[in-house]
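Below you'll find the structure, written out as structure tokens, and then a few comments.
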Amino acid sequence: MLVKIVTLFLLGMAALAMIGRLRLPSVRRKSTKVPPPTICGHCGRFLLGQQECPCRKGKG
Ligand SMILES: [Zn+2]
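According to the working numbering, the sequence shown is numbered sequentially starting from 2.
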């Protein structure tokens with residue numbers, strides 16, 4: 002009888018640990034999620050922090 006109770010308790014603890022481990026990485030992913038970079042449709046450069054590509058300023 003006691004062995005069954007102990008095994009059930011251990012299984013419950015293992016399940017809680019699994020849930021805790023599964024939850025932590027998901028929170029970390031959300032915090033470190035980076036928005037997709039904007040790519041210029043004209044020359045294909047990555048626009049970091051600017052909305053218009055310099056290639057369109059000089060050459061219309
Ligand atoms: Zn461009």
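Idealized CB from N, CA, C, for every residue including glycine.
- Excluding residues up to 5 positions away in sequence, PHE47 lie with their Cβ nearer than 6 Å to the Cβ of PRO38 in the same chain.
- DSSP, reduced to helix, strand and coil, places LEU12 within a helical segment of the structure shown.
- Residues CYS41, HIS43, CYS44, ARG46 of the same chain have their beta carbon placed closer than 8 Å to that of CYS56, with the five preceding and five following residues left out of the count.
- Checking the 7 Å criterion, the Cβ of ARG24 is out of range of every heavy atom belonging to ligand 1.
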